[in-house]
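J.:
Residue numbers (this note's numbering): 28 to 460.
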């Protein structure tokens, strides 16, 4: 098995003369778990392994300051909260609770043409699944910062673009675009919808294009917004729809309690002021742009598009979009796997976690929770094995994941159908990766 990090750059390349001390990381146990992807699921697994004293390395493609916009608010349900509580050290769990926004139950429906509330409910839907914890309403960037807390430089590496892996009898080696490689016992593909680990490990397990497109945005919760926006639409989860049904605007105000800023400072993450998280979603035709053009838009151009798409909406509703932070807006394609995740022969050296295995429409609000659940279950298997797992243990983890991920994907489909008319899975095209 390869050393934990080594330099494979050819002689004469720009990196071949780099001092070896800057190209290597300290050697660790051959039981090291290699986690490809520094999203919520991968970092949750890392925290659990660190708490248990087991060796791991996380490799994140992006630079520390280049975290891609992936929405802002995350509702952590009972399963997600249970996973976090079981994997995080108690001090970090306490900071998680202290940095969350208020969770306000209920649901509001608003007519986009008039700005009038058309329906309200004391709950936003059926009871949230899982253990009786939470739900919590977290800022995604804050949560990610918390999950990085305490991870050493030799445990979390940025700017590491994974290219492929190679297998040996006693482990696995991950290879990166910069010519380095890392060896360990288990490679965990936590690298998202477009996972390169999955494409090598299970190339037939491919995601689908739901034909949903979304603009994610963030609007500061200022006195100006409060004066213009319908007050009844900021009480809880709100869905705004025009008479045509598209696009639909999903939103929730993030009210942080007193003490959240101090807890953020203690955690070493920037404090977050109150804001409204929103998503403008529809089928692709409603955006009047080819995908290549839509996803090439700058944040400011994407913000302008959100105003164009809602030109005939009530001025009070449009205030949310007129006052948005134009640097925080992005367009995303909504992909999903089919609910039935295929079975494959488990391998003690490679597995998948989170969106890499079971990406789903965000409309159900359970994608990140399912990734956290994966992390806790896989961590428990690794702890039980003292940092190593056999094919049977990996297979048991994957079999359990298939069951609860199927339920989550199916629930997310129904949410997507309600919000933006998500296509049935049998009508979806393969997602272009």
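Ideal placement from N, C-alpha and C gives every residue a C-beta, glycine not left out.
1. With DSSP run on the structure shown, which of helix, strand or coil describes residue 333?
2. Between the C-alpha atoms of residue 350 and residue 89, what's the straight-line distance to the nearest angstrom?
3. In whole angstroms, what separates the C-alpha of residue 244 from that of residue 353?
4. By a C-beta neighbour count over all protein chains shown, 10 Å radius and 16 as the cutoff for buried, is residue 271 buried or exposed?
5. Give me the Cα-Cα distance between residue 66 and residue 401, rounded to the nearest whole angstrom.
6. Report the three-state DSSP secondary structure of residue 187 (helix, strand or coil).
7. Could you pull out every residue in the same chain whose Cβ sits closer than 8 Å to the Cβ of residue 49, ignoring the five residues on either side in sequence?
8. Which same chain residues end up closer than 6 Å to residue 233 when comparing Cβ atoms and leaving out the 5 residues on each side of it in sequence?
9. Restricting to Cα atoms, I'd like to know which of 331, 391, 112, 259 is closest to residue 159.
10. Hey, out of 280, 226, 394, 296, whose CA is closest to residue 443's CA?
11. Would residue 248 and residue 261 qualify as a contact pair, given that the criterion is a beta-carbon distance under 9 Å?
12. Hey, quick one: how far does the alpha helix (DSSP H) through residue 419 stretch, first residue to last?
13. Who are the near neighbours of residue 451 in its chain, counting only those whose CB is closer than 7 Å to its CB and skipping five residues on each side?
14. Compute the Euclidean distance between the alpha carbons of residue 192 and residue 124, then round it to the nearest angstrom.
15. Which of the three DSSP states is assigned to residue 102 in this structure?
16. Of the choices 196, 182, 200, 181, whose alpha-carbon is the least far from that of residue 190?
17. Going by C-alpha distance, which of 178, 137, 426, 279 is nearest residue 76?
18. Please name the residue in 139, 221, 408 whose C-alpha comes closest to that of residue 274.
19. DSSP state of residue 58, grouped into three classes?
20. Three or more beta-carbon pairs under 8 Å between the region 431-442 and the region 356-369, yes or no?
21. Could you please give the first and the last residue of the uninterrupted alpha helix (DSSP H) stretch that includes residue 120?
22. Over the uninterrupted alpha helix (DSSP H) stretch that includes residue 385, give me the two end residues.
23. What is the rounded straight-line gap between the Cα of residue 287 and the Cα of residue 229?
24. Under DSSP, the alpha helix (DSSP H) around residue 344 begins and ends at which residues?
25. In chain order, what residues of the same chain have a beta carbon less than 8 Å from the beta carbon of residue 398, not counting five sequence neighbours either side?
26. Grab the span of the alpha helix (DSSP H) containing residue 228 for me, first residue to last.
27. Taking the C-alpha atoms as reference points, what is the distance between residue 338 and residue 303?
28. Report the option in 298, 334, 346, 359 whose CA atom is closest to the CA atom of residue 321.
29. Could you tell me the distance, in whole angstroms, from the CA atom of residue 162 to the CA atom of residue 169?
30. Could you pull the DSSP bridge partners for residue 86 from this structure?
31. Thinking just about the alpha-carbon of each residue, which of 294, 300, 420 is nearest to the one in residue 284?
32. According to the Cβ coordinates, are residue 348 and residue 305 closer than 9 Å?
33. Take residue 344 and list the residues in its own chain whose beta-carbon comes closer than 8 Å to its own, dropping the five residues that flank it on each side.
34. Taking the alpha-carbon positions, what's the residue 460 to residue 221 distance?
35. Under 9 Å between the Cβ atoms of residue 211 and residue 59?
36. Is the beta carbon of residue 308 less than 9 Å from the beta carbon of residue 370?
T.: Taking the geometry as given:
1. Residue state, collapsed to three classes: helix.
2. 29 Å
3. Looking at the two C-alpha atoms, the distance is approximately 8 Å.
4. exposed
5. 13 Å
6. coil
7. With a pLDDT of 32 at residue 49, under the threshold of 50, the modelled position of this residue cannot be trusted; read the value that follows with caution. Excluding residues within five positions, none has a Cβ falling inside 8 Å.
8. If the five residues before and after residue 233 are omitted, its C-beta is found closer than 6 Å to the C-beta atoms of 457, all from its own chain and listed in chain order.
9. Shortest Cα-Cα distance from residue 159 to any of 331, 391, 112, 259 involves 112.
10. 394
11. Contact annotation: residue 248 and residue 261 have beta-carbon atoms nearer than 9 Å.
12. 418-447
13. none
14. CA-CA distance, residue 192 to residue 124, rounds to 37 Å.
15. strand
16. 200
17. 178
18. 139
19. coil
20. yes
21. Taken as a continuous stretch (DSSP letters only), the alpha helix (DSSP H) holding residue 120 covers 117-126.
22. Annotation: the continuous alpha helix (DSSP H) that includes residue 385 extends over 382-385.
23. 42 Å
24. 342-349
25. Once the five neighbours on either side are set aside, the close Cβ partners of residue 398 are 66, 67, 68, 71, 217, 380, 381, 382.
26. Note, residue 228: alpha helix (DSSP H), 223-228.
27. Their backbone Cα atoms lie some 20 Å apart in a straight line.
28. Nearest C-alpha to residue 321: 359.
29. 17 Å
30. 63, 184
31. 300
32. yes
33. The residues 137, 139, 142, 256, 257, 260, 267, 276, 337, in chain order, have a CB closer than 8 Å to that of residue 344 in the same chain once the five nearest residues on each side in sequence are set aside.
34. 6 Å
35. yes
36. no
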